[in-house]
Amino acid sequence: MTSSLLVLASSSAYRKELLSRLQLPFAVAIPDIDETPLAGETPSTTALRLAREKAAAVAAKMPDAIVIGSDQVATLDDEQIGKPGNHANALAQLQKMRGREVIFHTALCVWDGRDGTAQVEDIQTVVKFRDLPDAELDAYLRIEQPYDCAGSAKNEALGIAILERIDSSDPTALTGLPLIALTGMLRNIGVTFFSK
10 MTSSLLVLAS SSAYRKELLS RLQLPFAVAI PDIDETPLAG ETPSTTALRL AREKAAAVAA
70 KMPDAIVIGS DQVATLDDEQ IGKPGNHANA LAQLQKMRGR EVIFHTALCV WDGRDGTAQV
130 EDIQTVVKFR DLPDAELDAY LRIEQPYDCA GSAKNEALGI AILERIDSSD PTALTGLPLI
190 ALTGMLRNIG VTFFSK
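In terms of the numbering used here, the sequence shown opens at residue 10 and continues consecutively.
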């Protein structure tokens with residue numbers, strides 16, 4: 010492992026858990042940015058911009074660190090679907106998405122503070138939701154309360170039961186931090202794995 014500090018620019022417990030799987034020491038710093046989509050911005054562009062802005066905001070305060078930023082935007086019919094925030098919004102999201110395919114854009118940025126370079130990538134995941142009745146959707150939400158998840162479902166937990174199919178090149182992308190892409194980016198800048 011390089012001697013530079015590895016920093017996750019996120020307040021997400023999901024991303025922290027995913028990054029810990031790599032068994033690399035890292036710190037967490039919460040970026041302070043405005044996450045509002047810009048007018049006319051595509052979902053992919055929004056996710057990529059926010060991932061980069063998160064990494065840059067933390068990198069500005071932690072020079073020489075390797076900073077990981079990530080952002081996820083869910084889309085249905087090119088309309089962005091955010092975090093529901095509460096039960097009513099989550100139920101409305103699931104009702105709209107049932108029986109349909111939703112595209113999740115999970116953008117990743119690795120900012121190398123040693124030379125100011127950044128690698129960015131958008132990993133897309135297509136999720137088909139089951140066509141379930143309101144009673145089942147409501148019951149799921151009351152059990153899991155995924156109100157902080159774009160798309161109102163935790164695929165890594167009980168939410169998998171409301172999904173019919175997940176298509177992605179990176180199975181961790183949907184949870185919020187694409188580890189296959191991330192390990193490739195880290196290797197590109199000299200981070201090593203499996204060494205003692």
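All C-beta atoms, glycine included, are put in the ideal place defined by N, C-alpha and C. Because the structure is a prediction, the values reported are computed rather than measured.
Query: Beta carbon of Phe113 nearer than 8 Å to that of Gln81; Result: yes
Query: Whole-number beta carbon distance between Leu85 and Met71, since they are thought to touch under 8 Å; Result: With a Cβ gap of about 37 Å, Met71 and Leu85 do not count as contacting.
Query: Cβ neighbour criterion (16 or more within 10 Å) applied to Pro52; Result: buried
Query: Alpha-carbon to alpha-carbon, Ala182 and Glu153; Result: 20 Å
Query: Exposure of Asp87, with buried meaning 16 or more beta-carbon neighbours within 10 Å; Result: exposed
Query: Cβ pair Pro187, Thr115 closer than 8 Å; Result: yes
Query: With 16 other Cβ atoms within 10 Å as the buried cut-off, status of Val135; Result: exposed
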